[in-house]
Amino acid sequence: MSFKILSSDELPGEEWSLLTGDSFLSSPAFASLWEIFDGRAVFLVEEENGALKAGMAGVVFGRKYIRRFKSMPDGLYGGIFWAGGISDED
Numbered sequence: 000m001s002f003k004i005l006s007s008d009e010l011p012g013e014e015w016s017l018l019t020g021d022s023f024l025s026s027p028a029f030a031s032l033w034e035i036f037d038g039r040a041v042f043l044v045e046e047e048n049g050a051l052k053a054g055m056a057g058v059v060f061g062r063k064y065i066r067r068f069k070s071m072p073d074g075l076y077g078g079i080f081w082a083g084g085i086s087d088e089d
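Position 1, counted from 1, in the sequence shown is what numbering that gives the first Met the number 0 calls 0; the numbers after and before it change by one each time, with no gaps.
Laid out in structure tokens, this is it:
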């Protein structure tokens, strides 16, 4: 498995929607709203054989050396999404 940090542009949209159950709060469109507050949407994904196995949407705030990550900001629901068939060992 490989861990990647993707931008909204790099994220495979259809696969992401399937993984998250089409969650509005974890969608690239919603995450991009935080650009108003100088946030940058990022998507942490775990891939196996080119397919998404796990992922989490979030927003990075700050510049250069003082950055902070939130999934999702201001108490909104965020967290990790798992694909079906993931074992405890994975």
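Think of the CB as a built atom: it goes at the ideal place given N, C-alpha and C, for glycine as much as any other residue.
*Would you mind giving the Cβ-Cβ distance between isoleucine 4 and leucine 43, rounded to the nearest angstrom? I have them listed as a contact below 8 Å.*
On the sequence shown, residue 4 is found 5 positions in, with the first residue counted as 1. On the sequence shown, residue 43 is found 44 positions in, with the first residue counted as 1. A Cβ-Cβ separation of about 6 Å places isoleucine 4 in contact with leucine 43 under the 8 Å criterion.
*Taking the Cβ atom as the reference point for each residue, do leucine 10 and alanine 82 lie within a distance shorter than 8 Å?*
Taking the sequence shown and counting its residues from 1, the one referred to as residue 10 is at position 11. Taking the sequence shown and counting its residues from 1, the one referred to as residue 82 is at position 83. No, these two residues do not count as a Cβ contact at 8 Å.
*How about serine 25 and alanine 53: are their beta carbons less than 8 Å apart?*
Locating residue 25 in the sequence shown gives position 26, counting from the first residue. Locating residue 53 in the sequence shown gives position 54, counting from the first residue. Contact flag unset, no.
*Cross-strand partners of phenylalanine 80 (DSSP beta bridge)*: Indexing the sequence shown from 1 puts residue 80 at position 81. Gly54, per the DSSP bridge assignment.
*According to DSSP, which residues form a beta bridge with serine 1?*
Locating residue 1 in the sequence shown gives position 2, counting from the first residue. Beta-bridge partners assigned by DSSP to serine 1: Glu46.
*For glutamate 13, count neighbouring C-beta atoms within 10 Å of its own C-beta (all shown protein chains included) and say buried if the count is 16 or more, exposed if not.*
Within the sequence shown, numbered from 1, the residue matching residue 13 stands at position 14. Counting of Cβ neighbours within 10 angstroms places glutamate 13 among the exposed residues, the total staying below 16.
*asked:* With distance defined between alpha-carbon atoms, name the residue in Ile35, Ser1, Ser16, Asp21 nearest to valine 58.
replied: Taking the sequence shown and counting its residues from 1, the one referred to as residue 58 is at position 59. Restricting attention to Ile35, Ser1, Ser16, Asp21, the CA atom closest to the CA of valine 58 is found in Ile35.
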